[in-house]
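A.B. asks:
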Amino acid sequence: MKTIRALLVAVALAGLGLSVRAQTINGIKAIVHDSVVTFQEVETYTAEAAKVLERQYRGQPAVLEREVEKTRIENLEERLERQLILHDFKTGGYNIPEAILQEAVDEDIRSGFGGREKLIKTLQARGMTYEKFRQQARENIIITALRGKNISQEIVVSPHRIESYYLANRDKYKVEDEVKLRMIVLNKPVESEAGSVRKLAGEIRAKIKEGAAFSQMADIHSQGTQRREGGLWGWVEKSVLRPELAAAAFAMKPGELSDVLEAGNAVYLMLVEDKRAAHTKALSEVRDDVEQTLRSVEHKRLEKDWIERLKKKTFIRYF
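With this note's numbering, the residue at position 92 of the sequence shown is 154, and numbering never jumps.
1. Drop a sphere of 10 angstroms on the beta-carbon of GLN145, count the other beta-carbons inside from all chains shown, and report buried for 16 or more, exposed for fewer.
2. So THR287 is in the beta strand (DSSP E); what residue range does that whole segment cover?
3. Nearest to GLU136 by alpha carbon, out of THR108, LEU294, VAL125, GLN118?
4. Is MET279 helix, strand or coil when you go by DSSP?
5. Along the alpha helix (DSSP H) that carries GLY174, what are the first and last residues, could you check?
6. Of all the CB atoms in chain C, is at least one closer than 8 Å to the CB of ASN202?
7. Run the CB neighbour count on ALA199, radius 10 Å, all protein chains shown included, and call it buried at 16 or more, exposed below.
8. On the three-pair Cβ rule with 8 Å, is the region 352-359 touching the region 256-268?
9. With which residues is ILE182 paired in a DSSP beta bridge?
10. To the nearest angstrom, how far is the alpha carbon of GLU272 from that of ARG349?
11. Between the beta-carbon of VAL334 and the beta-carbon of VAL241, is there less than 8 Å?
12. With burial defined as no fewer than 16 other Cβ atoms inside 10 Å of the residue's Cβ, what is the status of ILE93: buried or exposed?
13. Inspect the beta-carbon positions of LEU208 and ASP170 and report whether they are closer than 8 Å.
14. By a C-beta neighbour count over all protein chains shown, 10 Å radius and 16 as the cutoff for buried, is ILE224 buried or exposed?
15. Relative to the alpha-carbon of VAL298, which residue among ALA340, VAL104, GLY317 has its alpha-carbon at the smallest distance?
16. Checking the sheet assignment: what are the DSSP bridge partners for SER346?
17. In the structure shown, what three-state DSSP assignment does ASP336 receive?
18. Could you please give me the residues that DSSP links to LEU319 through a beta bridge?
19. Based on the DSSP output, what are the partners of HIS341 in its beta bridges?
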């Protein structure tokens with residue numbers, strides 16, 4: 063506490079000048095009781111997201127700056143909440159035996175890294191010490207335990223609430239015209255082999271026309287990700303397919319087999335099993351999704367309330 067008091071005195075004396083110096087690599091972003099959240103911590107957790115945002119908003123510097131700052135603020139709050147929970151663990155009379163914590167950390171190492179030797183190599187690449195890793199892993203276990211204790215996992219959503227949400231958000235459950243589709247995909251490794259791939263597709267099509275099951279032919283020949291499902295894509299909208307494939311599929315009738323089609327680096331055969339017009343999904347189709355959405359909303363509300371209670375009883379200062 064003496065160190066923190068000294069820091070606060072320095073803050074008072076420095077006045078506005080602190081906000082500039084706090085942005086140095088070891089500057090302080092926030093104090094939670096007797097712990098600090100540093101500028102370096104926040105920037106470390108922001109760096110990876112910033113790389114993704116740079117690609118996403120290339121050529122839009124103003125938008126990029128806004129999104130990075132938004133991420134930085136979110137990460138500051140996440141680090142602050144982490145310290146709040148750890149402080150509550152220290153002062154709230156909680157007790158997790160050290161042996162149990164160490165066992166959980168060791169299990170994380172085994173399941174996540176395959177053992178200490180591989181972990182050490184990974185940490186060296188990240189510039190993190192083994193001791194720092196164990197400390198963070200231990201803290202993660204404590205935080206998970208306290209979240210489970212303070213945020214109810216048995217959230218009950220009433221049928222009335224599910225129905226009310228569905229009626230208020232029917233537009234979310236609208237779908238465009240759809241086809242129930244099976245597809246055989248034959249890749250063309252190089253253009254010089256395109257002729258032989260088209261020939262194979264024609265032979266497969268002939269077998270299907272003669273009575274062979276499309277699903278069986280897909281299981282044998284298709285190189286698509288749905289091969290083991292007999293080429294079944296299920297119900298799809300136009301936007302899911304390449305434009306040239308969508309045009310063909312949505313022009314076909316139920317039960318119709320396509321001609322040999324080429325698009326990109328592959329040759330395709332498609333079977334339309336059924337079609338349905340644009341519609342709004344019935345509540346019975348989306349009930350589980352609606353319930354999960356409402357559970358998530360309630361979980362976030364309970365978590366926010368818990369964090370607010372911790373903030374009210376803990377000294378916090380932002381810089």
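We put the CB at the ideal spot given by N, CA and C, even for glycine.
C.D. replies: From the atom records:
1. buried
2. Unbroken run through THR287: none, as it is neither H nor E.
3. THR108
4. helix
5. 160-175
6. Absent here is chain C; the protein component of the structure consists of one chain.
7. buried
8. no
9. DSSP, once it has assigned bridges, lists no residue as partnering ILE182.
10. 42 Å
11. yes
12. buried
13. no
14. buried
15. ALA340
16. According to DSSP, SER346 bridges with nothing at all.
17. strand
18. LEU333
19. VAL237
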